[in-house]
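Below is one structure; the comments refer to it alone.
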Amino acid sequence: MLGKTKKLFGLLSLLAIIGLIVKFSFFSPKEIASANFQSAPKNIFLSDNGLDFQITTHAKNVAEILKEKNILLSRHDEIIPDKDTPLYSGINIKIERAFPIKILVDGKTINNYTREKTVGKALEENHITLSPLDKTSPNLNALIEKNLTIIITRIKVKNVTQKEKINFKTIIKTDSKLDWSKKKIKQPGVKGLKEIIYHLVYKNGKKISQTVLVSKIIQKPIPQIEVHGSHLELGKAKRGQGSWYSQPLNLKEKYNSLVDNFAASTTLPKGSYAKVTNLENGKSLIVQINDSGPYVKKRIIDLDKKAFAKIAPIGAGVIAVKVAPILN
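Numbering-wise, my numbering puts 14 at position 11 of the sequence shown, and it's gapless, one number per residue.
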C-alpha cells in the first residue's frame with residue numbers, strides 16, 4: 004500500500020512540472036524580463052510644484068505611483084510624463100499645479116486658473132497687454148499664489164492744446180458831477196485770447212491731473228473803463244444806534260437794487276436809499292431799505308450782516324451811526 008502511494012505522489016509531481024513548463028512556454032524571454040523589471044523596486048524623482056522628492060516604489064507606471072502616494076490632481080494641473088508612462092529607476096516626474104486667480108482689468112473681472120509662476124506670465128497667458136505706464140498690483144515679478152487678485156490700473160497721458168479767453172479788467176473812475184446812480188462806459192472791454200498746452204493724466208479712463216506745460220498770450224485783453232457818478236443829494240441826517248441781523252434771501256430779491264447792501268428802517272420807505280456812516284471810524288456805505296425795523300429804543304437802522312461788516316466788526320454788535328436819506 005505504501006509503495007503504491009509513493010508512485011502516485013511521484014506521478015503528480017511530474018505532471019505539475021510538465022504544467023509549469025507548458026505555462027511558461029507561452030511567454031517570450033522579453034516578456035518575462037519585462038515583468039521582472041516592472042515589479043522590481045525603482046528609485047524615482049518627483050517634483051510637485053517645486054517641492055522635490057526621491058521615492059522608492061514597486062509601482063509600474065506614473066498612475067500607480069500617484070495612487071500609492073495619494074497625490075491628487077485637478078483637471079487644471081499638468082503632469083509630465085503622462086499617467087500611462089512606465090516607471091524606471093531615475094525617471095523624473097514633474098507636476099505643475101494650477102492656482103485659481105482673479106484679474107481686475109478694464110472694468111471686467113476675469114476668473115481663471117494658471118500654472119504660470121509670475122503675475123507677468125499669467126497676464127500674458129490671458130492675452131492682457133500692458134502699456135509702459137500701466138501699473139499692476141502686485142507687480143509683474145510677484146509669484147502666483149492661490150486665490151491671488153491681480154489689479155491692473157490703466158494709465159494714459161496726453162497733451163492737449165486749447166484756446167481760452169482772458170477776462171478784461173474794469174477800471175472805475177468817478178465823476179462828482181454825475182448822479183451817484185449813473186454810470187457810463189467810456190471804453191468797452193474786449194476779452195483777450197491765450198493758447199494753453201495741458202498735460203493730462205488719466206487713470207482707468209478718468210482724468211486725475213491737469214498740468215499747464217505752456218501758456219502763450221495770442222491777444223491781450225483791453226480793459227473796460229467805466230465812469231461812476233458820485234454826486235449825492237442828501238436829506239436831513241439822523242444820529243443814533245445801528246445794529247445788524249441776517250436778512251433772508253427773499254428780502255434781498257424783493258426790490259431791484261443799485262447796490263448790494265440792505266437795511267431795515269422804521270422811518271425810511273422801502274425801496275429808497277440811504278447813506279450810513281459809522282461815527283467811530285468814518286466809514287460809510289449806501290444801502291437800500293427793504294425791511295422794517297429795528298424796534299428797539301435809540302436804534303435807527305438795522306443793517307444786513309454783510310453791510311454791517313463793511314463799516315464795523317461784526318463783534319461790535321451795535322455802533323453809533325449817522326443815517327441820511329438819498330434824494331437823487
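Glycine included, each C-beta is placed from N, C-alpha and C at the ideal position.
- Here the C-alpha atom of P272 lies approximately 17 Å from the C-alpha atom of E256.
- For V122, no beta strand (DSSP E) encloses it; the enclosing alpha helix (DSSP H) starts and ends at 122 to 128.
- Beta-bridge analysis with DSSP links W183 to no other residue.
- Scanning S184, T177, Y201 for the CA closest to the CA of E229 turns up T177.
- A distance below 7 Å separates the beta carbons of V279 and V324.
- In this structure, the alpha-carbon of I174 lies about 52 Å from that of P135.
- For F48, the secondary structure class from DSSP, reduced to helix, strand or coil, is strand.
- Look at the beta carbons and you see the stretch 144 to 158 touching the stretch 92 to 107: at least three pairs across the two are nearer than 8 Å.
- When L76, D263, I304, K300 are compared, the shortest CA-CA separation from K97 is found for L76.
- Of all alpha-carbon atoms in G110, S249, N293, the one lying nearest the alpha-carbon of S260 is that of N293.
- One thing to note: R100 has its Cβ within 7 Å of the Cβ of D80.
- Going by DSSP, I289 is part of no alpha helix (DSSP H) but of the beta strand (DSSP E) stretching over 287 to 294.
- Runs of the beta strand (DSSP E) spanning 3 or more residues and lying entirely within the stretch 229 to 258 occur at 241 to 248, in chain order.
- With the rule of 3 Cβ pairs closer than 8 Å, the stretch 262 to 271 does not count as touching the stretch 195 to 211.
- According to the DSSP assignment, F265 belongs to no alpha helix (DSSP H) but to the beta strand (DSSP E) extending over 265 to 267.
- The residue from N170, D182, E127, L203 with its alpha-carbon nearest to that of K159 is L203.
- For F56, the pairing in a beta bridge is given by DSSP as L49.
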